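Before any comments, here is the structure.
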Amino acid sequence: MNIILSTIDAISNWARSNSLWPLTFATSCCGIEMMSVSASDYDIARFGSEVFRASPRQADLLIIAGTITHKMAPLLLKLYEQMPELKYVIAMGACACSGGMFKNDSYSVVYGADKIIPVDIYLPMCPPKPEALIDAIRKLQSEIKKESLTTRKELIAKHKSKLKIQDDLDILIQEDVNIFKMGI
Amino acid sequence: MIKSFIYPIKELIKGLLTVLKNGFKEKVTLEYPEKKKVLNNNFRGKIKYDKTKCIKCKICQKVCPAKGTIEINETFKIDYSQCIFCANCVEFCPKGALTITKEYELATNNKNELIFNEGIN
Amino acid sequence: MSIFHLIFVEYLLKLNIPEWLIFMLWQIIYFIFISLLMILAVLFLVLFERKYLAFFTRRKGPNRVGLYGCLQTVADGIKILFKENIMPKNADKFIYFVAPIIVFAPILTVYSLIPFSSDINSYKSDIGILLFMAILSLPIAGVLFAGYSSRNKYSLIGGMRSCIQAISSEIPIFLTLAGIVILTGSMNLSEIVKAQHSFSQWNIFPSILGFIIFFICSLITLNRIPFDFPEAESELVAGYNSEYSGMKFAMFFLGEYALTFIFSAYAATLFLGGYNSPFGFYIADLFDLTLITGEIIRNIEQFFWLILKTFFLILIIMWIRAAYPRFKTEKALELCWYIFIPLAIFNLFVLCIVQYFRGSL
């Protein structure tokens, strides 16, 4: 029984890690680096993830490329919720990791995308080099290869978004605004 | 009238041929994880901290444009998840305790790994 | 009767199997052959397109999964199997469920109409040309259903666009098909192929205009770039399939590629001589072979020629994809109604004159 399960695990992990289809989602300057990753010089197609899907229903990987403002936060949450299960998130750039240079300094920016949705891989720098994004995707692939179908439920539970409704987002905004006021 | 009909067809065929000509040129893709691009000397990567040279003057903390990236209390703390790699701190350091390296592969699954913490003499 | 059928029946009759069972088994074998052909063609085409586009943009394309990336589409397929199926809350559930099947099933049916060689042809219909186009107008209904039932404005607009496109492109296609019927005097696809037995007899030479019209109009029907308005990413998120995920999306995706393959095979059958060798002879004819082995080798050779011609057309379709940006919707419709229909009628006149002189010679 264990042998069967482990082979199925191996096959599914191999398939899922080798065809991560990213969602076309770029909010600011990191998006330019994300585009150049799929262009000739770096060519993400080598790893099978050049299929940028426009619809979240068909995507597996959400690359948060850029600043998440309070106005964008509900949309990000919605897009993440619309993706089918076993979805992965890469927070690309300092703004998506922690708010970056806007942290403690801005009233309109969410201080880190992980306040809204769970993030698998953090990729700092402002903006990261295209090579660094490929490196992040490779690290995500090696993470996926450790997964198992028996713990699939836990995985899904781990990937549940942290906020559910609009009210929660309002609370989040209020928190960030309070931090900002304290900074002043 | 015939000219206006033929012109676009000529241009369309020209476009097809241009694309085809491109295909037979040498491939420009770099096989990234095996081969890496030679970085420019101006490239700013991870910051290296030398604790023997540091005099705890806190200038780096003051000049940092991203508030709260560098904190000097008992330890020298730099948060790479927030750092924008402008190397202002390196520029302003009076004793040369901070230097730039060319390391850029900082992706990690644990956010705490990005916080660099080292004691000061 | 085909040689394969004769061998099959003879072998099974020796085993004392009743005739009706043999008849059924023969149909099942054909079905397996056709589905295998389709799946292989689709798996190969998806990978091929990714590699081919990489070739044009000086990239390398998928090369990490398997040898030179040959397992990339297999990985994609398995991943889609493991994905969650999402049904929108307000969707029209029955139609939403049925739409991908309506798209996929007619395409599978249509594979049986094409004569892949002189003996591999499961259904020799006397109205093959019409039947092909008639069955292929069903997937458009499926696309429209998909657009309507997901209750998403982008899907709806995508479905409508696909429908409009198909209607306006099918009229010039039918006019060029009429030209083929005039040239060969038959609507049976295998008869049409037999009429083009030598290189000079290929239908493309008298009706080069018809071939160009057919080719561009089939691009419009297939929703390929530069006519991919139903899936225009910058205008409609992903068009009619923007609410579909998992296996249902895969059916749309694979259906599109299967349709590309079969349309190219159809064009090759009608205009490029079908399974006929362009040199006028087969390798099997050069050697002294027994009747049965000779027939089998010749059939394989004919199959090879048809696939070669089909791939030649697919190469051009993908080349066009790499080169051109997207059209405007109304411009493409103008192209169909104002330019292609008059041209197709002109083409019909030319073919009538050609046929008149051919008959008198």
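Chains as they are written, first to last, in our numbering: chain W, 81 to 264; chain R, 671 to 791; chain L, 1056 to 1416. By construction, the Cβ of each residue, glycine as well, lies at the ideal position given by its N, Cα and C atoms. The structure presented is a predicted model; accordingly, all values stated were derived computationally and were not measured.
Cβ of residue i within 8 Å of any chain R Cβ
i        : result
A1377(L) : yes
M114(W)  : no
W1075(L) : no
I214(W)  : yes
K1115(L) : yes
L156(W)  : no
E234(W)  : no
F1336(L) : no
L203(W)  : yes
CB-CB length for residue i against residue j, believed under 8 Å
i        : j        : result
P1170(L) : I1190(L) : That belief does not hold up - the Cβ atoms of P1170(L) and I1190(L) are roughly 16 Å apart, past 8 Å.
I1268(L) : P1227(L) : 5 Å
R1440(L) : D123(W)  : Look at the range of chain L in this structure, 1056 to 1416, and you will see that residue 1440(L) is not part of it.
T1324(L) : L1277(L) : T1324(L) to L1277(L), Cβ: 16 Å. No contact.
T107(W)  : M152(W)  : 6 Å
I170(W)  : D200(W)  : 7 Å
F1326(L) : F1266(L) : 5 Å
Pairwise C-alpha distance: residue j and residue i
i        : j        : result
A134(W)  : E1288(L) : 6 Å
D89(W)   : S1217(L) : 40 Å
F675(R)  : L1390(L) : 13 Å
K718(R)  : A145(W)  : 27 Å
V1158(L) : M1306(L) : 8 Å
I790(R)  : A119(W)  : 45 Å
N98(W)   : D140(W)  : 11 Å
G1294(L) : R1376(L) : 18 Å
Y1203(L) : G1214(L) : 7 Å
A1201(L) : E696(R)  : 43 Å
I1400(L) : I1408(L) : 13 Å
M671(R)  : Y677(R)  : 10 Å
Y1178(L) : L1168(L) : 6 Å
G1197(L) : V1153(L) : 8 Å
K716(R)  : Y160(W)  : 31 Å
R1413(L) : F1254(L) : 16 Å
I91(W)   : G1116(L) : 22 Å
G1132(L) : I214(W)  : 23 Å
E165(W)  : P703(R)  : 29 Å
Any chain W beta carbon closer than 8 Å to residue i
i        : result
S674(R)  : no
F1137(L) : yes
N710(R)  : no
E741(R)  : no
Y1107(L) : no
L651(R)  : Any answer about residue 651(R) is impossible in this case: the structure gives chain R only from 671 up to 791.
G1301(L) : yes
N787(R)  : no
N779(R)  : yes
V1158(L) : no
Any chain L beta carbon closer than 8 Å to residue i
i       : result
D123(W) : yes
K695(R) : yes
Q138(W) : yes
N98(W)  : yes
A95(W)  : yes
A106(W) : no
E165(W) : yes
I91(W)  : yes
N692(R) : yes
S186(W) : no
G111(W) : no
For residue i, the nearest candidate out of the options (CA to CA)
i        : options                                : result
K732(R)  : L709(R), E741(R), I725(R)              : E741(R)
V689(R)  : F1110(L), L1076(L), S1090(L)           : F1110(L)
K1383(L) : Y1411(L), L1309(L), I1275(L)           : I1275(L)
T104(W)  : M205(W), I84(W), S129(W)               : S129(W)
G180(W)  : S86(W), T149(W), D200(W), I112(W)      : T149(W)
M1417(L) : E1290(L), V1153(L), Y1166(L), P1397(L) : Since the displayed chain L opens at 1056 and closes at 1416, residue 1417(L) lies outside it and no answer follows.
D194(W)  : C206(W), Y187(W), S186(W), S178(W)     : S178(W)
L1341(L) : F1367(L), N1331(L), R1353(L), Y1330(L) : R1353(L)
C109(W)  : T147(W), L85(W), A125(W), L100(W)      : T147(W)
I1338(L) : F1088(L), G1349(L), S1319(L), N1402(L) : G1349(L)
7 Å Cβ cut-off: residues of chain A touching residue i
i       : result
C206(W) : Any reference to chain A falls outside this structure, whose protein chains are W, R and L.
Those residues which DSSP pairs with residue i across a bridge
i        : result
K747(R)  : E741(R), N787(R)
M172(W)  : A145(W), L203(W)
L768(R)  : Y719(R)
A106(W)  : A145(W)
R1113(L) : DSSP, once it has assigned bridges, lists no residue as partnering R1113(L).
T1164(L) : According to DSSP, which records beta bridges pairwise, T1164(L) is partnered with nothing at all.
Residue i Cβ short of 7 Å to the ligand SAH heavy atom set
i        : result
K1148(L) : Summarising the ligand content, the structure contains no ligands, and the ligand SAH is consequently not present.
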